[in-house]
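Enquirer: Just dropping this structure here.
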Amino acid sequence: MSTGTKEASLQSYARVAGFAYLAIIIGSILNLIFVDSKLIVDGDAAATTTNVAANESLFRIGSAVHLVMFAGVVLLSLNLYAILKTVNRNLALLALLWRMAEAIVGVVTVFAGMFVALLINDFKSFDTQQVQALVDLFLRARAIGFDFVIFFLALGTIVFCYLFYRSRFIPRSLAAYGIASLAIMLVGSLANIVTPRYADLTMVSYAPGILFELGIGAWLLLKGVKLPAS
Numbered sequence: 075m076s077t078g079t080k081e082a083s084l085q086s087y088a089r090v091a092g093f094a095y096l097a098i099i100i101g102s103i104l105n106l107i108f109v110d111s112k113l114i115v116d117g118d119a120a121a122t123t124t125n126v127a128a129n130e131s132l133f134r135i136g137s138a139v140h141l142v143m144f145a146g147v148v149l150l151s152l153n154l155y156a157i158l159k160t161v162n163r164n165l166a167l168l169a170l171l172w173r174m175a176e177a178i179v180g181v182v183t184v185f186a187g188m189f190v191a192l193l194i195n196d197f198k199s200f201d202t203q204q205v206q207a208l209v210d211l212f213l214r215a216r217a218i219g220f221d222f223v224i225f226f227l228a229l230g231t232i233v234f235c236y237l238f239y240r241s242r243f244i245p246r247s248l249a250a251y252g253i254a255s256l257a258i259m260l261v262g263s264l265a266n267i268v269t270p271r272y273a274d275l276t277m278v279s280y281a282p283g284i285l286f287e288l289g290i291g292a293w294l295l296l297k298g299v300k301l302p303a304s
């Protein structure tokens, strides 16, 4: 492969990765605003069950969006690997595997959440209190699953950011911010798993990571990667 062709390929990978970054994070934010916040009432299984029953299609759309997002994670990760294997193949592969674990756990989590829709459609098999308790159980399991998703996301992104820092493909300040913000996100996800009672507080720790993903997504999409002079 000629130098020019290789450089063009890296820029193509970068722009696909940037698009995937933005699609994933924007999809996640919109899903939170327009689906979860409207349907799920923390600590009130009865209200949540009523909301989901009245808006089952919206709940299913939210689950479908999550599936598309995790497909996007696979696309993103493969393109980041294609860029960063030129820096250190083993570390890039490690990051890729962690992001693949994120996608797999994410799909399983979405599948668990779909049991809520099945329960809503099968009221006759359970009494009302049983349905509410099971809906609450599956949604709490889904929430824990997403903490595992964040854990693997953070691990993989920290390694990818380290490789970006070493290579200078993106500004070092952006890569360093990514390492720091995803380390905070990693700690937050572990805190949620260990002490879920503080979930509202630890959710704040995800904000810097969200800003980073928006930033690197925009950078890769608009500017690509900075390649060393030939």
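Residue numbers (our numbering): 75 to 304. Positions of the beta carbon are idealized from the N, C-alpha and C atoms, including for glycine.
From which residue to which residue does the alpha helix (DSSP H) around residue 271 run?
Expert: That residue, residue 271, is in no alpha helix (DSSP H); it is neither H nor E in DSSP.
Enquirer: Enumerate in chain order the residues of its own chain whose CB-to-CB distance from residue 269 is below 7 angstroms, with the five nearest sequence positions on each side excluded.
Expert: For residue 269, where only same-chain residues beyond five positions count, there are no Cβ hits under 7 angstroms.
Enquirer: Could you name the residues of the same chain whose beta carbon sits closer than 6 angstroms to that of residue 238, not counting the 5 residues immediately before and after it, in chain order?
Expert: Excluding positions up to five away in sequence, the list reads 244 and 249.
Enquirer: Please state whether the Cβ-Cβ distance between residue 144 and residue 181 is less than 7 angstroms.
Expert: Yes.
Enquirer: Do residue 179 and residue 140 have their beta-carbon atoms positioned less than 7 angstroms apart in this structure?
Expert: No, the pair does not count as a contact, with Cβ atoms beyond the cut-off.
Enquirer: Could you give the residue range of the alpha helix (DSSP H) that holds residue 143?
Expert: Residues 130-158.
Enquirer: Which stretch, first to last residue, makes up the alpha helix (DSSP H) that contains residue 240?
Expert: It spans 202-241 - the alpha helix (DSSP H) in which residue 240 sits, taken as one unbroken run.
Enquirer: Spatial neighbours of residue 148 within its chain, please: CB distance less than 6 angstroms, with the 5 preceding and 5 following residues excluded, ordered by chain position.
Expert: Excluding sequence neighbours, residue 148 sits near 177.
Enquirer: For residue 227, which of 206, 271 and 174 has the nearest alpha-carbon?
Expert: That would be 174, whose Cα lies nearest to the Cα of residue 227.
Enquirer: Applying the criterion that 16 or more other CB atoms from any shown protein chain within 10 Å of the CB defines a buried residue, is residue 233 buried or exposed?
Expert: Residue 233 should be labelled buried.
Enquirer: Buried or exposed for residue 117, please, with buried defined as at least 16 other CB atoms from any protein chain shown within 10 angstroms of its CB.
Expert: Exposed, by the Cβ-count rule.
Enquirer: Please determine if the stretch 94-114 and the stretch 285-302 are in contact, where contact requires at least 3 C-beta pairs separated by less than 8 angstroms.
Expert: Touching, yes.
Enquirer: Report the rounded CA-to-CA distance for residue 103 versus residue 146, giving the unit in angstroms.
Expert: For residue 103 and residue 146, the distance between alpha carbons rounds to 15 angstroms.
Enquirer: Is the Cβ-Cβ distance between residue 231 and residue 256 less than 7 angstroms?
Expert: In this structure, residue 256 lies closer than 7 angstroms to residue 231 by Cβ.
Enquirer: Please report the residue range of the alpha helix (DSSP H) in which residue 182 lies.
Expert: Segment 163-194, the alpha helix (DSSP H) holding residue 182.
Enquirer: Consult DSSP for residue 245 and reduce its assignment to one of helix, strand or coil.
Expert: Coil, per DSSP.
Enquirer: Given residue 260, which residues of its chain have a CB within under 6 angstroms of its CB, disregarding the five upstream and five downstream residues?
Expert: Cβ neighbours of residue 260 beyond the five flanking positions: 228.
Enquirer: How about residue 169 and residue 298: are their beta carbons less than 7 angstroms apart?
Expert: Going by C-beta atoms, residue 169 is not nearer than 7 angstroms to residue 298.
Enquirer: For residue 202, I'd like the list of residues in its chain whose CB is within less than 7 angstroms of its CB, leaving aside the five on either flank, ordered along the chain.
Expert: Here the set comprises nothing.
Enquirer: Give the DSSP-derived three-state secondary structure of residue 302 in the structure shown.
Expert: Of the three classes helix, strand and coil, the one that applies to residue 302 here is coil, per DSSP.
Enquirer: Determine the direct distance from the alpha carbon of residue 254 to that of residue 99, and round the result to whole angstroms.
Expert: C-alpha separation (whole angstroms): 18 angstroms.
Enquirer: If residue 30 sits next to residue 127, beta carbons under 8 angstroms apart, how far is it from one beta carbon to the other, in whole angstroms?
Expert: The structure shown does not extend to residue 30, since the chain spans only 75 to 304, so no value can be given for it.
Enquirer: Give the range of the alpha helix (DSSP H) segment to which residue 290 is assigned.
Expert: Per DSSP, residue 290 belongs to the alpha helix (DSSP H) from 281-297.
Enquirer: With distance defined between alpha-carbon atoms, name the residue in 136, 111 and 236 nearest to residue 165.
Expert: The residue with the shortest Cα to Cα distance from residue 165 is 236.
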